[in-house]
Amino acid sequence: MLVAFLAAAGNAQAQAQDQAPTAEAGAPQPSVVERAGSGHSLVARMGNDHRKTFDPGTNPVFRRSGGAASAFDPDPVPVPAADSAPAAVAAKPASRTAELVREASARIAEQANARGARDSRQASLSASLASGQVGVRQRGVASWYSNNLHGELTANGERYNRFEMTAAHQTLPLGSWVKVTRVGSQRSVLVRVNDRGPFAKSRIIDLSYQAAQALGMINTGTAQVVMEVVSAPQDSGTVASVR
């Protein structure tokens, strides 16, 4: 019986092999897929030298990439140009910097023009005062002589008299007559320039004790005044105080 069983099994195996599908004789057998040398198509080399050409432009499984065909190439991820967006962003700070530079240059030019105009006016005033030009005005701080200078020699050779209406100025010709008005009041005096001074910064005229008393500045020591040249040194007149 064992012999009969083995013989039946062998027959069944032979029948199964006979029923298995076999490739037809002469049917093309796929071997490899290779690229065409031109890069424009792919050629599948089949058995028995059968060839089939695939055009990557029409076959959806093949796509071009950089001018050459490639199989199963995924959709490329769009990448912006490396210098496009940063250039646009960088343009804003550069533009703002240029704007700030222009504004600073304009302010510097404006300040320079104002300073030049101020210096020009000061030079003109100084020249007018030095020449004793009648009608020239100067505004600033007035002070008055200390009482202990009474009897001292002045620049024109006179002795200082605290009870006379005299004054000292840095550049006005000696002998000039000037009207001094205290700012914010109606008090004015006419004084004759017979000395040089004051030499303290920002002060424009030193008044005698008598002139300072007429202007009401004995206690304060200084006052804001407007000084106006009313006569040249060769002119004569009477020194007086005007209320």
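Per UniProt numbering, the sequence shown starts with residue 1, numbered consecutively.
C-beta atoms are modelled at their ideal positions from N, C-alpha and C, and glycine is treated no differently.
Straight across, the Cα-Cα distance linking A94 with E103 is about 14 Å. Under the three-state reduction of DSSP output, Q210 falls in the helix class. Across the set L153, T181, V189 and R162, the C-alpha of L153 shows the shortest separation from the C-alpha of R196.
Taking a 10 Å sphere around the C-beta of A106, we find fewer than 16 other C-beta atoms and assign the residue as exposed. Under the three-state reduction of DSSP, I205 is assigned to strand. Judged by DSSP in its simplified three-state form, R162 adopts coil rather than helix or strand.
Pairing V191 with A214 gives a Cβ-Cβ distance that is not under 7 Å. With distances taken between CA atoms, Q138 lies nearest to V178 out of N156, V178 and P173.
Within the DSSP bridge table, the entry for A223 names A142 as partners. Around the beta carbon of G221, a 10 Å sphere encloses fewer than 16 other beta carbons of the protein chains shown; the residue is thus reported as exposed.
In the three-state scheme derived from DSSP, where H, G and I count as helix and E and B as strand, T171 is classed as coil.
Between the beta-carbon of A211 and that of A167 there is about 6 Å, and that keeps the pair under the 8 Å contact cut. The C-beta distance from P198 to S143 rounds to 6 Å, short enough to meet the 8 Å contact threshold. The alpha carbon of I218 has as its nearest neighbour, out of R159, E99 and S146, the alpha carbon of S146. Counting along the chain, N194 sits inside the beta strand (DSSP E) bounded by residues S188 to D195. Burial check for A114: the Cβ neighbour count within 10 Å stays below 16, so the residue is exposed.
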